[in-house]
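Trainee: Sharing a structure, written as structure tokens. Questions coming.
In this note's numbering, the protein residues as written are 613 to 780.
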């Protein structure tokens with residue numbers, strides 16, 4: 613199947629809008645009834661962790677959401693679907709992921725958000741969605757690309773919902 617869908621381009625005017633994109637992503641994943649692998653790319657400070665916070669809050673997590681820069685993964689197994697937030701920024705070698713049993717996280721119906729996925733190249737599976745964040749004026753630009761059939765469905769659902777309506 614050719615999954616080369618158009619890229620969804622969104623302007624995120626502030627942190628709230630970035631978090632709302634995450635909430636929207638959580639909504640469409642729940643609607644789809646299946647897990648997903650989402651790569652989050654962008655320079656430091658572009659909103660990857662803010663977007664991840666929105667996803668976790670959209671799935672019902674009330675506590676803090678911080679980037680697992682030193683622990684590499686923060687599990688949110690109490691959510692439905694279970695979610696895992698990875699930050700590979702400090703990863704020295706992609707092979708380190710094998711030692712932590714990375715493949716186990718991608719079994720079943722979990723949602724995996726992966727910051728700095730390029731650092732896990734060769735070990736990580738292909739993503740369903742790829743979200744690239746960049747600074748754009750006073751806000752952020754988010755480019756959402758589908759890489760699989762699952763991703764095409766998620767991207768289409770995400771494009772169809774007004775992100776301002778997913779405020780918590």
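All C-beta atoms, glycine included, are put in the ideal place defined by N, C-alpha and C.
Identify the continuous beta strand (DSSP E) that holds residue 751 and give its terminal residues.
Mentor: 751-758
Trainee: Let me know the secondary structure DSSP gives residue 676 once reduced to three states.
Mentor: coil
Trainee: Nearest CA to the CA of residue 659: which residue from 775, 695, 683, 628?
Mentor: Considering only alpha carbons, the answer is 628.
Trainee: Please confirm if the region 663-675 is in contact with the region 630-642, defined as three or more CB-CB distances below 8 Å between the two stretches.
Mentor: Here the region 663-675 makes contact with the region 630-642; the two share three or more CB pairs at distances below 8 Å.
Trainee: Do residue 731 and residue 703 come within 8 Å of each other at the CB atom, strictly closer than that value?
Mentor: yes
Trainee: Residue 622 lies in the beta strand (DSSP E); which residues open and close that run?
Mentor: 620-624
Trainee: Straight-line CA distance for residue 780 to residue 735?
Mentor: Because residue 780 carries a pLDDT of 44, less than 50, the predicted location of this residue cannot be relied on, and the following value inherits that uncertainty. For residue 780 and residue 735, the gap between their C-alpha atoms comes out near 35 Å.
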